[in-house]
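Below is one structure, written out as structure tokens; the observations come after it.
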Amino acid sequence: MSRQLQSCGVVLAGGRSSRMGRDKAQLPLPGGERFLEHAIGLMRELPLAQVVVSGNRPGGIPDPIPDMGPLGGLFGVARAVEADALLVMPVDMPLLRGELLALLLAEGERSGRACYFGDFYFPLWLPLTNAVRKFLRAAVEGRGANSIGALLRHAGACQLAMPARAQSFSNINTPAEYAANYPQQLFPESD
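Numbering-wise (the numbering used here), the sequence shown opens with residue 3 and increments by one.
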């Protein structure tokens with residue numbers, strides 16, 4: 003009998019939020035919950051070994067090399083956790099539904115292959131194979147491709163069919179996108 007894979011949930015929250023002009027992780031949702039709290043809550047509803055935050059923030063796993071983008075965050079997490087795979091979502095996808103994460107987790111653990119939905123690289127399920135770990139190391143050391151797309155191609159990722167509600171995959175990167183998705187919510191002036 004084979005051992006069940008241990009997947010770790012990862013919320014990517016290490017970006018500079020330059021287009022938003024403030025930390026996206028701390029933006030409020032209707033009801034008062036922050037983007038980061040919401041993302042962690044979605045992950046905690048799933049059968050994951052643990053849930054971590056990637057980013058230089060209290061309780062987070064800091065990027066070992068600043069400004070490397072998502073690959074830098076994934077490299078730091080891969081070094082810090084004991085897991086067979088990562089279920090990854092960015093903090094700026096508050097419209098993402100938990101059942102989509104559950105589908106991704108189930109397919110990844112069933113197939114053992116990296117996977118994502120449609121043309122959206124996030125969220126994704128990523129097995130921490132030796133090949134994936136080597137790719138991440140090479141990327142952060144400047145010896146290889148530095149993109150999520152290249153990582154997924156290298157990992158032989160499976161592109162899952164898009165669910166009906168593509169809006170769930172929207173990133174909220176600017177004050178205008180925030181206002182369009184949460185018209186009743188006042189955009190906070192400062193943290």
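Cβ coordinates follow ideal geometry from the N, Cα and C atoms, glycine included.
Out of the options, point me to the one whose CA is closest to residue i's CA.
i           : options               : result
residue 17  : 92, 30 and 83         : 92
residue 27  : 173, 115, 106 and 185 : 173
residue 13  : 78, 7 and 180         : 78
residue 71  : 84, 187, 128 and 147  : 147
residue 82  : 54, 50, 168 and 152   : 54
residue 75  : 117, 84, 86 and 62    : 62
residue 42  : 100, 176, 131 and 160 : 100
residue 170 : 85, 103, 73 and 51    : 103
residue 1   : 25, 30, 20 and 24     : Shown here, the chain extends from 3 to 193; a query on residue 1 therefore has no answer.
residue 129 : 36, 160 and 15        : 160
residue 120 : 6, 45 and 162         : 162
residue 51  : 24, 140, 107 and 22   : 107
residue 151 : 67, 180, 7 and 117    : 117
At which residues does the alpha helix (DSSP H) containing residue i begin and terminate?
i          : result
residue 38 : 37 to 46
residue 54 : Where residue 54 is concerned, there is no enclosing alpha helix (DSSP H), although the beta strand (DSSP E) it sits in stretches over 52 to 56.
residue 27 : Looking at the DSSP string, residue 27 is not in any alpha helix (DSSP H), and its letter there is neither H nor E.
residue 75 : 71 to 82
Report buried or exposed for residue i, applying the criterion of at least 16 other Cβ atoms within 10 angstroms of its Cβ.
i           : result
residue 113 : exposed
residue 69  : exposed
residue 94  : buried
residue 111 : buried
residue 164 : exposed
residue 133 : exposed
residue 3   : Per-residue confidence for residue 3 stands at a pLDDT of 44, beneath the threshold of 50, marking its modelled position as unreliable; the derived number appears in the next sentence. The residue in question, residue 3, is exposed, as its Cβ has fewer than 16 Cβ neighbours within 10 Å.
residue 96  : buried
residue 166 : exposed
residue 57  : buried
residue 178 : exposed
residue 9   : buried
residue 11  : buried
residue 155 : exposed
residue 38  : buried
residue 182 : exposed
residue 193 : Model confidence at residue 193 stands at a pLDDT of 48, short of 50, so the residue's coordinates are unreliable and nothing is read from them.
Where do the N-terminal and C-terminal ends of the beta strand (DSSP E) with residue i fall, by residue?
i           : result
residue 177 : That residue, residue 177, is in no beta strand (DSSP E); its alpha helix (DSSP H) goes 177 to 183.
residue 11  : 9 to 14
residue 87  : 87 to 92
Hey, does residue i have any beta-carbon neighbour from chain B nearer than 8 Å?
i           : result
residue 161 : The displayed structure is made up of one protein chain only, and chain B is not part of it.
Can you give, in chain order, each stretch of the beta strand (DSSP E) that sits fully within the segment 106 to 130 and has at least 3 residues?
Whole beta strand (DSSP E) segments, 3+ residues: 117 to 119 and 122 to 129.
Q) Using 8 Å as the threshold, is the segment 122 to 135 in touch with the segment 83 to 92, meaning 3 or more CB pairs across them? A) Per the Cβ contact rule, the segment 122 to 135 is in contact with the segment 83 to 92 (3 or more Cβ pairs under 8 Å).
Query raised in the report: Along the chain, which unbroken stretches of the beta strand (DSSP E) at least 3 residues long are found entirely within the segment 143 to 179?
Result: For the segment 143 to 179, whole beta strand (DSSP E) runs of length 3 or above, ordered along the chain, are 160 to 162.
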